[in-house]
Every structure is written in structure tokens, then in C-alpha cells.
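Residue numbers (our numbering): 1 to 280. The beta carbon of each residue, even a glycine, is placed where N, CA and C say it ideally should be.
This is the structure in C-alpha cells:
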């Protein structure tokens, strides 16, 4: 498991491009029949990826739960949200099977002992993208299809940010301890997300960009609003955003991204907005 420690905004100002990428960028999430995991000390969130091909893969594969979490199994004191961004697959959670189509989501509660992943077709595998947060009580394991997500159209083509926010793991959809997740899809001709920019001191966020066309990238903006930086993101990469950092992006094409939040509250609109003209 890759462990990332907390970074403060004062030191961040002096980082080189490579240092920014080493601290915040998450790559190579989908390796055949493996679980890739990055543990961030920012609100103790864990970002994971799994691409089962030839075998059924356990969420604990390659993770020393006692060493990393002081627990006997991964979700002993954690909850998790899982999206399938690949072909059809199956997640089994304590014996219950959930068929996962493209962009379907599964929330699994704290206390679930066994979680496994499988693909319907090894030649066209599922790709399970996951974010886990600490939890203090069990909730209800819930499957949410892309069709059943709470949809919020936002933006306008005139400002290059027409998009639909699909809320999955969200207070308006289901109860969780602290985890919130959703999927935002930009329309063709739109490239900007999360503008005007904002921070939220009360929680952190992880962005995962995918459906970026070949030979295109997303410039993910981060840092304090008065002194911004950026990371160039390739397809199927994630980025950690501490509470003091903005988190917005501009692509050379339209794209889709999954956002995950954890921290003090789950109020979606709890943001400290920064007027665009004040960004530096």
C-alpha cells in the first residue's frame, strides 16, 4: 500500500512539478488481478482500483490490514464506495452478489468482512474504482445504478461547462457515516469543471478522471486560490485534494470524473467559494 502523508499549504508553494505529482497524483490503479491502494493521511481516505481478469480478487489482496489499519479486515472500521468504469462484473459482499454494469455504484457498510471482485468476461474486464473512509457505525449496503442516481444538470455551453452531476453516495440518496461520492459528465464542447473554484475546510476530496479521449489531458487546478498550481492528468488517474486546496479542471476535450468526499460533514453545498476574478 502506498502511503501519502499530509502536506500543508506553506510547504506546497515551494514544490516542483515532480514533487506535486509524487504527493497528490494516483496512477496505475488498474492492474490485472491486483488491488492497488493509496492511503492518504488527509482524513485517512483510501483510494483503490481493481481489475479482475482471470480470478476472483479479494479487497484485502496485497493489503496488510493489521499493519495499516489495526484491524482484522479492511472494512472492520471503514465504509467504501465502488464504481465500475469498465465492462460488466460482479461484487460479492458477505455472500450477497451485486451485478455491476458500466458506471453503476455500490456502497458497502462498515463491518462487511468479505468483499470480492470478478469480471463477466476476462477479455473485457470490469474496472472497479473505490474510495474508503473511516466509519463509526454500520449503515445499509446499497446498490445504485447510473439510471437511479440523483441527477443535477449544471453550467452552460456558453461558458464551456455544461455538465450533469450524478449523485450516488449522497444524503439525498442514502445514509452513510461520512463518505459522499458521485459522477460528473461534461457535455461535448465543455471542458471546465468546478468553476467558480472553491475549497471546503471541513472535508477533503479525491477526483478521478476517466473517459479522456486518446492524446488528450485534463489540467487539474489545485493550491490556494491566491496562488494556484496544476497537475496534468491522464486518463484513469486520480488526485488528492486537501481541504485548503481548490479542485477544478480544464481538459483539452470533454471527460468524466468521479468525486469522493470525506470529513466533518456531508452537506454537498458547504463550500468556501472564490470569485473567479480573484484567482491567482
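To the nearest angstrom, how far is it from the Cα of residue i to the Cα of residue j?
{"i": "residue 221", "j": "residue 8", "result": "16 Å"}
{"i": "residue 103", "j": "residue 225", "result": "32 Å"}
{"i": "residue 181", "j": "residue 107", "result": "9 Å"}
{"i": "residue 223", "j": "residue 40", "result": "17 Å"}
{"i": "residue 64", "j": "residue 101", "result": "30 Å"}
{"i": "residue 145", "j": "residue 130", "result": "16 Å"}
{"i": "residue 195", "j": "residue 95", "result": "43 Å"}
Could you check if residue i is buried or exposed, using at least 16 other CB atoms within 10 Å of its CB as the buried criterion?
{"i": "residue 3", "result": "exposed"}
{"i": "residue 275", "result": "exposed"}
{"i": "residue 163", "result": "buried"}
{"i": "residue 227", "result": "exposed"}
{"i": "residue 200", "result": "buried"}
{"i": "residue 136", "result": "exposed"}
{"i": "residue 6", "result": "exposed"}
If you measure between the beta carbons of residue i and residue j, is that distance less than 7 Å?
{"i": "residue 89", "j": "residue 32", "result": "no"}
{"i": "residue 30", "j": "residue 98", "result": "no"}
{"i": "residue 216", "j": "residue 241", "result": "no"}
{"i": "residue 150", "j": "residue 172", "result": "yes"}
{"i": "residue 262", "j": "residue 45", "result": "yes"}
{"i": "residue 176", "j": "residue 139", "result": "yes"}
{"i": "residue 209", "j": "residue 247", "result": "no"}
{"i": "residue 12", "j": "residue 105", "result": "no"}
{"i": "residue 258", "j": "residue 179", "result": "no"}
{"i": "residue 56", "j": "residue 122", "result": "no"}
Measure the beta-carbon distance from residue i to residue j and round it to whole angstroms, keeping in mind my assumption that it falls under 8 Å.
{"i": "residue 205", "j": "residue 260", "result": "7 Å"}
{"i": "residue 239", "j": "residue 25", "result": "6 Å"}
Can you check the segment 2-70 for any beta strand (DSSP E) of at least 3 residues that lies completely inside it and give the ranges in chain order?
-> Segments of the beta strand (DSSP E) lying fully in the segment 2-70: 2-4, 35-40 and 45-50.
Just list the beta strand (DSSP E) runs in the segment 110-168, keeping only unbroken ones of 3 residues or longer that don't cross its boundaries, in chain order.
-> If we require 3 residues or more, the beta strand (DSSP E) runs fully inside the segment 110-168 come out as 115-119, 128-134, 142-144 and 150-154.
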